[in-house]
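Below is one structure, written out as C-alpha cells, with a few remarks after it.
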Amino acid sequence: MIFPNASQSGSFLIGGDLPVNRLGFGAMRVTGPGVWGAGPQPVEALKTLKMLPEVGVTLIDTADSYGPGISEAMIAEALYPYEGANADLVIATKGGLVRPAPDVWIPLGRPEYLRQQAQVSRRTLKVEKIGLWQLHRIDPKVPRDEQFDAIKSLIDDGIIAHAGLSEVTIADIEEASDYFPVATVQNRYNMLDRASEPVLEYCEAKGIGFIPWSPLGAGGLFDAGSELAVLAKRWSITPGQIALAWLLKRSPVILPIPGTSKRAHLQENIAAAAIVLTDDDFSAFDQLARDYARKIAQTA
1 MIFPNASQSG SFLIGGDLPV NRLGFGAMRV TGPGVWGAGP QPVEALKTLK MLPEVGVTLI
61 DTADSYGPGI SEAMIAEALY PYEGANADLV IATKGGLVRP APDVWIPLGR PEYLRQQAQV
121 SRRTLKVEKI GLWQLHRIDP KVPRDEQFDA IKSLIDDGII AHAGLSEVTI ADIEEASDYF
181 PVATVQNRYN MLDRASEPVL EYCEAKGIGF IPWSPLGAGG LFDAGSELAV LAKRWSITPG
241 QIALAWLLKR SPVILPIPGT SKRAHLQENI AAAAIVLTDD DFSAFDQLAR DYARKIAQTA
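When the count follows UniProt numbering, it moves up by one through the sequence shown with no breaks and lands on 300 for the last residue.
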C-alpha cells in the first residue's frame, strides 16, 4: 500500500538554501497539558516522532519552552543520529520565552539569554548548527536592537544557519532585516484567523517562509453538520485535511506545521499533501470560511 507523503506538498528553500517539504510537523503536542512536562503517552509520542522521515516530513518545529526542554529532548531521542533516512531533517526551534508554570509564557529577550538558550537547544537537539532558530516573541522590555544584534551574532558565530521571527508585523520584519536576513515568520493564521494576511503577502513578495501556527484552528467551522464538514464527508476526507490543503494552496511560501502525539493522526494530517484543490475548490472553501467568520462576528 502506498501512503501519502509530505513530499507531495511541494518544497521550499528556507533562507534560499535549506530545502524542506512544505507540510511539516509541530512538536509542541508531544508534551503534557499546559505544554508542561511529558505527555500522557510518551512511548506513542516517540513512535510518532520516529515516523516523521517515513512519511516525508523534513521540517520539524519546536521550541526550548515546550516542556520546557521536553520536546527538543524527545526529538533527539527519537531521531538522532541525523543520518540515512534522517539526514534531510531540518529541526527549527525557538527561544525567547521562559516557562515558570504550565500555560505561562513570559518573553525574555536579554541578549545573553537568547545566546544561552540557542546553545542549550543546540546541545539538546544534538546538532552542530541549528538550521533555523526563531525569536519566539520580541521582548518589549528589552531594546529591540539588542535582541536583533544577538540573533545576528548567533549567525555570525555559526551557532545557527538561519533566523526567523514569531508573531510580528511587517514593520518588525523590516526592522530586524537591518540586522540579519529574516528567513521565516511564524504567525497565527488559518482559514478563520486572517489577521496576519498582510504579513503573509509581504512574506510571499520577499520569499520569506511563512509558518502558520494553529493551522487547524477553525472552531465551529469544523463541527459535525457544518457545511465544511458535509463537504469533507462527501469527499471522504476530514475538515482538518481541507484546512491544510487550503493553506498549501493559499501561498507557495506557507509551511503548515500541524502537531500531534499520535501516529494515526500524523498519517491523517500528511494525507492532506495529496489533496489537490482546484481554484474553484479553493474559492468555495475560502468563501465558506469567510461566511462563517462573518456570522460569528455578527453574533459576538
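Ideal placement from N, C-alpha and C gives every residue a C-beta, glycine not left out.
Per-residue burial, residue i [other beta carbons within 10 Å of its own, 16 or more giving buried]
i	result
V43	exposed
R123	exposed
S283	exposed
residue 323	The chain is shown only over 1 to 300; residue 323 falls outside these bounds and no answer can be derived.
G259	buried
E197	exposed
A289	buried
M1	Its pLDDT being 44, under 50, M1 is placed unreliably by the model, and nothing is read from it.
I91	buried
Residue of the options minimising C-alpha distance to residue i
i	options	result
L13	R250, G207, V276, P215	G207
D172	S153, A205, L135	L135
Q241	Q267, P40, G158	Q267
I70	P212, L46, F148	L46
K94	V57, M74, R137	R137
I160	R115, E146, A38, D279	R115
S9	I170, A38, V55, D193	V55
S153	D88, V185, E112	E112
P131	L248, L165, L89	For clarity, residue 131 is Gly in the given sequence; the question names Pro instead. When only C-alpha atoms are compared, the closest one is L89.
CB-CB length for residue i against residue j, believed under 8 Å
i	j	result
M191	A271	So it is not a contact: roughly 18 Å between Cβ atoms.
A229	I275	That pair is no contact at about 16 Å.
L59	N21	7 Å
E204	N187	At roughly 13 Å, the Cβ-Cβ gap does not stay under 8 Å, so E204 and N187 are not in contact.
G96	G109	5 Å
I211	I155	Wrong, their Cβ atoms sit about 19 Å apart, outside the cutoff.
T48	A38	Rounded, the Cβ-Cβ distance is 13 Å, inconsistent with contact.
Beta-bridge partners of residue i, as assigned by DSSP
i	result
D88	For D88, which the question treats as bridged, DSSP gives no partner whatsoever.
H162	L132
K126	According to DSSP, which records beta bridges pairwise, K126 is partnered with nothing at all.
Q186	S166
G259	G26
W213	R188
L79	In the DSSP output, where bridge partners are listed per residue, L79 has none listed.
V98	I106
Residue interval of the beta strand (DSSP E) (run including residue i)
i	result
G131	130-135
A38	Taken as a continuous stretch (DSSP letters only), A38 belongs to no beta strand (DSSP E), as it is neither H nor E.
V20	18-21
I14	11-14
Residue i, enclosing alpha helix (DSSP H) - first and last residue
i	result
F285	279-299
F148	144-156
N5	Here N5 belongs to no alpha helix (DSSP H), and DSSP marks it neither H nor E.
V57	Careful: V57 lies outside any alpha helix (DSSP H) and carries neither H nor E.
K249	239-250
K233	227-235
K141	Here K141 belongs to no alpha helix (DSSP H), and DSSP marks it neither H nor E.
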